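*Asks:*
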Amino acid sequence: MSTETDTIKDEAAAMQPNTPAMQPEAPVKKAIRRSPGPVKASDLKELKKTEELTAVALREPYATVLERYDISRAFIQTLATDSAQCRTHFADAVQAVDKKRGQTRAESSGKKSLLLLVRKVQAAASVKYARDATQAAVLKDYYIGVELTGSAARLAQYSAAILEKLGEDTLPGISSATVAALSDARAQWWSAHEGQQAAQDEATRKRAEGQAQLKIITDRRIRVQYAIESEYPYNGGTDATKAARAAFGLPATRPFRVTRG
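The sequence shown: position 244 = 243 (numbering that gives the first Met the number 0), numbered continuously.
Listed below in structure tokens is the structure:
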């Protein structure tokens with residue numbers, strides 16, 4: 000009876016081809032997290048607006064128009080100079096980030112070289128002391144079994160202590176040339192590590208300087224734009240009005256307004 004019942008069920012299922020089959024859930028793809036660039040794209044966009052405005056504002060009839068609103072040619076020239084300086088700050092931030100990347104690669108490579116030599120020394124120390132219960136304390140001087148790479152400060156401290164120990168101890172297979180190589184590897188790695196930190200600090204400082212200056216020049220640019228808004232309102236309807244509003248980055252069909260957050 001059960002066999003007949005199963006056959007009927009199979010036939011019924013076959014008669015329903017539109018019934019969706021159970022499919023395993025597709026794995027959810029995680030969004031790729033990208034590191035922000037050294038300078039915000041929005042900051043560069045704002046700076047470009049000011050650079051374009053200063054190039055136009057010194058031309059006639061705009062220079063004369065702006066003077067009627069107490070915006071002198073000297074004001075515009077200073078705005079242009081400050082914009083160029085702001086651009087330099089951002090460029091310096093980009094260069095510092097590039098330098099940091101180079102130092103990071105050097106730091107990573109130097110760390111590998113340093114660890115290879117440290118482990119070579121540790122292995123030699125094990126050859127000499129590991130089977131001697133009375134010398135167990137000496138193994139601690141070589142940090143055998145200790146995590147070396149938890150932080151740069153830890154690796155710096157432990158490698159320095161190992162070098163100091165080698166100044167008073169002789170290990171099988173460890174020549175003076177090996178000790179010198181270890182010392183050099185540590186110095187090169189630490190120099191790259193410090194260079195990495197210095198480049199990051201430089202990038203952060205230059206970006207902050209650029210952003211602080213950008214805020215000031217953006218406020219002054221908006222002052223100029225409001226003067227043009229007053230002189231050339233969007234519903235003026237003339238070709239001169241359309242040209243002026245386009246040249247100063249004003250909307251063509253509505254008033255210029257800046258909302259502060």
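Where is the CB? At the ideal position from N, CA and C, for every residue including glycine.
A quick note: this is a predicted structure, and the numbers were derived from the prediction, not measured.
#1: Measuring straight from C-alpha to C-alpha, what distance separates A136 and A122?
#2: Thinking C-alpha only, which one of R244, E208 and V120 is nearest L138?
#3: Leaving out five residues before and five after S1 in sequence, what residues of the same chain have Cβ atoms less than 6 Å from its Cβ?
#4: Determine the direct distance from the alpha carbon of I227 to that of A251, and round the result to whole angstroms.
#5: Distance, Cα to Cα, V178 vs Q94?
#6: With a cut-off of 8 Å, do at least 3 Cβ pairs link the region 152–161 to the region 178–198?
#7: Suppose you measure from the CA of A105 to the CA of K99; what does that come to, to the nearest Å?
#8: Grab me the residues of R219's own chain with a C-beta within less than 7 Å of its C-beta, minus the 5 sequence neighbours each way, in chain order.
#9: Find the nearest neighbour of D168 within the set W189, H192 and D140, judged by alpha-carbon distance.
#10: Need the endpoints of the alpha helix (DSSP H) that L147 sits in, please.
#11: Under three-state DSSP, which class holds E66?
#12: According to DSSP, is T169 helix, strand or coil?
#13: Cα separation between R204 and A92?
#14: For I173, does the count of other Cβ atoms within 10 angstroms reach 16, so buried, or fall short, so exposed?
#15: Express the C-alpha separation of A191 and T148 in angstroms, rounding to a whole number.
#16: How many whole angstroms separate the CB atoms of I75 and T53, which I take to be in contact at a CB cut-off of 8 Å?
#17: Need the endpoints of the alpha helix (DSSP H) that S112 sits in, please.
#18: Give me, in chain order, the residues of the same chain whose beta-carbon lies closer than 8 Å to that of P171; leave out the 5 immediate sequence neighbours on both sides.
#19: Only counting the same chain, and skipping five residues up and downstream in sequence, which positions put a Cβ closer than 6 Å to that of G109?
#20: Starting from K39, trace the alpha helix (DSSP H) in both directions and tell me its first and last residue.
#21: List the endpoints of the continuous alpha helix (DSSP H) containing E201.
#22: Buried or exposed: where does P254 fall if 16 or more other Cβ atoms within 10 Å of its Cβ makes it buried?
#23: Rounded to the nearest angstrom, what separates T103 and L154 at their Cα positions?
#24: Can you tell me whether DSSP reads A20 as helix, strand or coil?
#25: Smallest Cα separation from F247: which of L114, Y68 and A56?
#26: Determine the direct distance from the alpha carbon of G144 to that of L181, and round the result to whole angstroms.
*Replies:* For this structure:
#1: For the purposes of this step, residue 136 is taken as residue 137 along the sequence shown, with counting starting at 1. For the purposes of this step, residue 122 is taken as residue 123 along the sequence shown, with counting starting at 1. About 15 Å.
#2: Looking up residue 138 in the sequence shown gives position 139. Cα-wise, what sits closest to L138 is V120.
#3: As a working mapping, residue 1 is identified with position 2 in the sequence shown. Because S1 sits at a pLDDT of 47, beneath the cut-off of 50, its placement in the model cannot be relied upon, and the point is left open.
#4: As a position in the sequence shown, residue 251 is number 252, starting the count at 1. As a position in the sequence shown, residue 227 is number 228, starting the count at 1. So the alpha carbons of these two residues sit roughly 12 Å apart.
#5: Start at 1 with the first residue of the sequence shown, and residue 178 comes out as number 179. Start at 1 with the first residue of the sequence shown, and residue 94 comes out as number 95. Whole-angstrom Cα-Cα distance: 36 Å.
#6: A contact is defined here as three or more CB-CB pairs under 8 Å, and the region 152–161 meets this definition with respect to the region 178–198.
#7: Numbered from 1 along the sequence shown, position 106 holds the residue referred to as residue 105. Numbered from 1 along the sequence shown, position 100 holds the residue referred to as residue 99. Approximately 10 Å, taken between the alpha carbons.
#8: Against the sequence shown, residue 219 aligns to sequence position 220. For R219, where only same-chain residues beyond five positions count, the Cβ hits under 7 Å are L78.
#9: The residue you call residue 168 lines up with position 169 of the sequence shown. Ranking W189, H192 and D140 by Cα distance to D168 puts D140 first.
#10: By 1-based counting over the sequence shown, the position of residue 147 is 148. Note, L147: premise wrong, no alpha helix (DSSP H); not H, not E.
#11: The residue you call residue 66 lines up with position 67 of the sequence shown. Three-state DSSP puts E66 in a helix.
#12: The sequence position of residue 169 within the sequence shown is 170, counting from 1. Assignment of T169 by DSSP, reduced to helix, strand and coil, places it in the coil class.
#13: To locate residue 204, count along the sequence shown from 1; it is residue 205. To locate residue 92, count along the sequence shown from 1; it is residue 93. About 8 Å.
#14: Taking the sequence shown and counting its residues from 1, the one referred to as residue 173 is at position 174. Buried, by the Cβ-count rule.
#15: By 1-based counting over the sequence shown, the position of residue 148 is 149. By 1-based counting over the sequence shown, the position of residue 191 is 192. A straight-line Cα-Cα distance of about 16 Å links T148 and A191.
#16: Here residue 75 corresponds to residue number 76 of the sequence shown, with the count starting at 1. Here residue 53 corresponds to residue number 54 of the sequence shown, with the count starting at 1. Correct: roughly 6 Å between the Cβ atoms.
#17: Sequence index remark: in the sequence shown, residue 112 carries index 113 (1-based). R72 to Y128 is the span of the alpha helix (DSSP H), which, as asked, contains S112.
#18: On the sequence shown, residue 171 is found 172 positions in, with the first residue counted as 1. Excluding sequence neighbours, P171 sits near A123, V126 and K127.
#19: As a position in the sequence shown, residue 109 is number 110, starting the count at 1. Setting aside the 5 residues that flank it on each side, G109 is surrounded in the same chain by Q187, W188 and A191, each with a C-beta closer than 6 Å to its C-beta; the list follows chain order.
#20: Against the sequence shown, residue 39 aligns to sequence position 40. Where K39 is concerned, there is no enclosing alpha helix (DSSP H), because DSSP gives it neither an H nor an E.
#21: Residue mapping note: residue 201 aligns to position 202 of the sequence shown, counting from 1. Per DSSP, the unbroken alpha helix (DSSP H) holding E201 starts and ends at S175 to E230.
#22: Here the question's residue 254 lines up with position 255 in the sequence shown. Looking at its Cβ environment, which holds fewer than 16 other Cβ atoms inside 10 Å, P254 is exposed.
#23: Here residue 103 corresponds to residue number 104 of the sequence shown, with the count starting at 1. Here residue 154 corresponds to residue number 155 of the sequence shown, with the count starting at 1. Cα to Cα, T103 sits roughly 16 Å from L154.
#24: Start at 1 with the first residue of the sequence shown, and residue 20 comes out as number 21. Summary for A20: the model assigns pLDDT 47, below 50, so the residue's position carries little reliability; its value from the coordinates is reported in the next sentence. DSSP places A20 in coil when its eight states are reduced to three.
#25: As a working mapping, residue 247 is identified with position 248 in the sequence shown. Of the listed residues, the one whose Cα sits closest to F247 is A56.
#26: Taking the sequence shown and counting its residues from 1, the one referred to as residue 181 is at position 182. Taking the sequence shown and counting its residues from 1, the one referred to as residue 144 is at position 145. So the alpha carbons of these two residues sit roughly 19 Å apart.
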